[in-house]
Amino acid sequence: LASVWPVRRAGLFFVLLKRVMDRSASIGQPFYETVAGVDKSSLATLLFNGDSGNDNDCFLPGYVTDRRMLLHRNIWFPNHIETPERLSSILDLCDQQGLFDRMKKIPSRLASLDEIELFHSKDYVQQVASFESMGAEELQKASSTYDSVYACQHSFTAARLAVGSLLNATEAVLMKRCVNAIALVRPPGHHAMLDAANGFCLFNNVGIAAAHALNAFRLDRILIVDWDVHYGQGIQQKFINSKQILCVSIHRHEFGSFWPHMPESDWNNVGQDDGLGFNVNVPLNVRGLGDADYLAIFHHILLPLAIEFQPQLILVSAGFDAAVGCPEGEMLLSPRIFAHFTKMLASVAAGRLVISLEGGYCIPSLSWSVSCVVRALLNDPIPKLAGLNVPVNPYVVDAMLSLARRLKPYWKCMGHLLSAVNATLTRANQKPLPAHDSVFSAKRTDQTEATCTTILETGHVSNQDHLTNVISDIEKLQLHANKNGISARGRVDLRVDMVTQPYGDFNFDRLAVFLPEKRWRDAFLIQSTLANVSTFRTRRKDFSRCIKEVEDFAQSLLNGVSVCGCLITEHCVTNFWNMEREVSATLANSTACNVLFVCLSSAMVRVERRSVGQLKVTSVAIPFIHDATRVDHNILDENIVHPDCYNVDLLWSVPNPTTADRLFIFLHFLLPYVTAISPELVILNVDLDHPNAKHLAPSLLSFIVSNFLTLANSRLLVSANVPTVSYPDKYIKSSLTALLSALAGCDMPIDTLLSNKLSNYSITMVAELVYQLRTVLPTLQSVLLPVSLIDGLPVDMNLWFGRMHRPRPLKILHDYFCKHLKLNSADLISYRTWSTKTPCKICSNRIGNWVCLICSEVFCDSNVNSHREQHREMERNHNFFVNVTESSVYCYLCNAESGYRSY
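Heads up: the sequence shown begins at 941 in the numbering used here, then just goes up one per residue.
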């Protein structure tokens, strides 16, 4: 029998061969661009296999900093919250954790005056330069002419270093000297305007970097993401008329009562002239927002915009003053959420992500937040989030939907979001939400004034207890990771099972997987040439052995032996639901508490959650690879009685789905759903052997794998089934390259994901799923089934969001399987919900029953008591019955069973 080869201590970062870089050596294109279209080389030749050397540095993330920036300080108020300790604490913690040793160091430099004048006026630059020759009194007087600014004799040098360092980081990424980068700089920059310092900022670091990229590298599309809790007015004012730069800012606003008190920071400011639609503000009108609120913005606003915009470079104004404990932000973001932000943006950036430090004034939360971002850039396992299946704050939802209405004329994705909301409201028999105008009130309350006077001194912390608990959790996770030897880089466990002749020119003869830690690596050889032994094995044995491999693989992930992995089998006929049942039974005795199974090849949409002992098992089948022939008669043999259990079935009603359809369902349902359940282990099944698999874009597959990898703390197992012989096209090679590259941390460009039109069926599908799961998925319900804030909020928030009674509905959406169903559709019962365990009306049988599509009565099958036939004899016009277990329809006019069967 063929053996299966594990690759131990393999790196989490696959490296592309140099000649692939040579083919895409132009600066204007990402060097990952050719991954999806390889046709003359196998995956093995795409992976670098050579001696250690400096050339490998270009595949590492970069960092740049300079301790001379610590000389910038407030000489007349030493305890100012923008203190040098902000930067030094970050550098000390990252050094202590050994993070910088695994990154490429980018040299710092002083920015030239010409570079600074790409953004600022010449007169203003000269004013800042004059700080070097001023005394203490003159500096205090000069600083007082600006809003919330201080300066010393070293401020001009520090500001030039901040700009020059970020420029070097941007150039290093664009010239492919590193993959993604972070600039740890101060003073911050996003408030600095054309001719004025503002909000602790002297020069606009990110704004200058964007202008430099446009000017020197001739880029056409730059995405600037500002997640600092304060509105970065300097950047938006500069590029308000430009369609080359998409600015997205998520900031505390409180209807204008929060600094900087600008009406243009509201959602209705979307740009001017050519830049209409390219200025995006998500105002947060309430304090104390948490991870779930920000993730909703990323899932439904930022990621769809970024994918449609197709940026050539992503710059991040990374302020950490929304982190828990920061007195400026008064928000409750956990430090680890910033790692998730980073990974989501990296999945779109294709190696061209540059992060620049902005605000953050609680030293413990700031330093830990930045270290989490650095770990995300290093592709380390990201600590999973908890407590995310909660309603999104209604003020956040209102801002999101108001913004979507304003952006609808300029962005397709915003119209799609609104269509999904309206479809869900219609499904729930609710009226569409009325639009309303922006509300601005610059009045400060007494509480706001008191806050502004007390937070200027360093050491002030908000939510001290929460901060202490959050950081304690991170430290425990870090100690656990170090103990298990996975803190440096995870190990990708690759197991290949080729049971026949070599797989064409696509083989694994020289597949090298390595650990790029301190320029050290291990190389492994995998032989795929085997005797033609498939005739001596039955498919049942193949399937049983595949189940055993998945079980062993899952245990190795849970035990820390591996961090993520891929099991590639050749032409192994698998039954996903049988595999899920058997693997779940095995894992019930493990330490896992929450496991997710995802199948991308099915006939129907199915979402199921059940308990196996102490283990919570969630299974999701999404027909991204549509297979109408899959049959599983044992889907619901067991009773589901646990209060946390549910199952929802929908017929796949999307004819000829496009990549845009799949992406929409993933962004607005699957990704938020997986985020909400927060699994400890994800097992993803992809059947590349199916003829329809070629319709699943490799770039979308890479995007899915990359995001699942982040959400599962890198505990992701991909089970990929490949055909026996090579496809006539290059799809299989491209798909496996995309899959393995995503596991390794090499994200592919996704510039073709929205090239097709979105179907209304996809919108209806998402609306129906959200409606069916509304009582168990409050985070999605609150976004797609929102309430109006115009008339005020209900007093009882539990009543507003719905009681968690957790029914187990089964939804059947009508699709026309035969001409008789189509001709009689007006007489059929539409949009009804049936339970799979509804008893027969006559004999109370609960297994394999049929529902009459005319009268909605339930009757047993012919192999039980034949009450379906008896009903048909009595009601001659009742010709259509649906089997809710097998998801098939029987037409008496055709005298045949038709329609989709289950998976």
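Don't be surprised by glycine CBs; every beta carbon is placed ideally from N, CA and C.
Just so we're clear, the structure is a prediction, and the values are computed from it rather than from any experiment.
The beta carbon of S1646 sits closer than 6 Å to the beta carbons of S1287, A1682 and D1687 from its chain, once the five residues preceding and following it are set aside; these are given in chain order.
Within its own chain, the residues whose Cβ lies closer than 8 Å to the Cβ of C1783, once the five positions on either side in sequence are excluded, are C1800, V1804, N1805 and H1807, listed in chain order.
Selection E1025, Q1066, L1000 and N1019 evaluated against M1009 yields E1025 as nearest (Cα-Cα). Between A1494 and I1623, the beta carbon gap of about 7 Å places them in contact (Cβ cut-off 8 Å).
Residue burial is scored here from C-beta neighbours: T1282 has at least 16 other C-beta atoms within 10 angstroms and is therefore classed as buried. Note: R1549 is bridge-paired with T1558 and Y1586 in the DSSP secondary-structure output.
Contact between R1315 and L1603 does not hold, since the beta-carbon distance rounds to 27 Å and is not under 8 Å.
Per the Cβ contact rule, the segment 1612-1628 is not in contact with the segment 1582-1597 (fewer than 3 Cβ pairs under 8 Å). Annotated as distal: C1302 and R1276, with beta-carbon spacing of 7 Å or more. Boundaries around V1065 are those of the alpha helix (DSSP H), K1062 to A1069, since no beta strand (DSSP E) includes it.
Rounded to whole angstroms, the separation of the alpha carbons of A1149 and A1289 is 16 Å. In the three-state scheme derived from DSSP, where H, G and I count as helix and E and B as strand, G1259 is classed as coil.
Assignment of Y1234 by DSSP, reduced to helix, strand and coil, places it in the helix class. If one requires a minimum length of 4 residues, the alpha helix (DSSP H) runs lying completely within the segment 1636-1664 are 1638-1651, in chain order.
Here the segment 1074-1084 does not lie against the segment 1114-1132, with fewer than 3 beta-carbon pairs under 8 Å apart. Beta-bridge pairing by DSSP links P1223 to H1191.
Per DSSP, the beta-bridge partners of K1044 are G1002.
If you draw a 10 Å sphere on the C-beta of F1564, you find 16 or more other C-beta atoms in it, and that means buried.
Rounded to whole angstroms, the gap between the alpha carbons of V1706 and S1359 is 10 Å. In the three-state reduction of the DSSP assignment, V1829 falls in the strand class, which pools E and B. Ranking L1373, F1516 and Q1184 by CA distance to the CA of L1253 puts Q1184 first.
Look at T1715 here: in three-state DSSP terms it is coil, with no helix or strand label.
The Cβ neighbour count for M1354, taken over all protein chains shown within 10 Å, is at least 16; the residue is labelled buried. Per DSSP, reduced to three states, the secondary structure at V1822 is strand. Each of H1191, R1550, V1210 and H1240 was checked against the Cα of F1260, and the nearest Cα belongs to H1191. Residue pairing for N1518: DSSP places it in no beta bridge. When the alpha-carbon of L1590 is set against those of L1610, A1543 and V1222, the nearest one is in A1543. Per DSSP, the continuous beta strand (DSSP E) segment holding D1627 begins and ends at L1621 to D1627. When secondary structure is reduced to three states using DSSP, P1563 falls in the strand class. Looking at the backbone, the Cα of A1232 and that of C1795 are separated by about 43 Å. Comparing alpha carbon positions, the residue from L1142, L1555 and Q1173 closest to A1099 is L1142. When secondary structure is reduced to three states using DSSP, A1123 falls in the strand class. For a cut-off of 8 Å, the C-beta gap from I1164 to L1255 is around 5 Å, short enough to register as a contact. When the Cα atoms are used, N1369 and A1262 turn out to be separated by approximately 37 Å.
Within the model, the alpha-carbon separation for I1644 versus N1333 is close to 27 Å. Between the alpha carbons of L1242 and E1809 lies a distance of about 54 Å.
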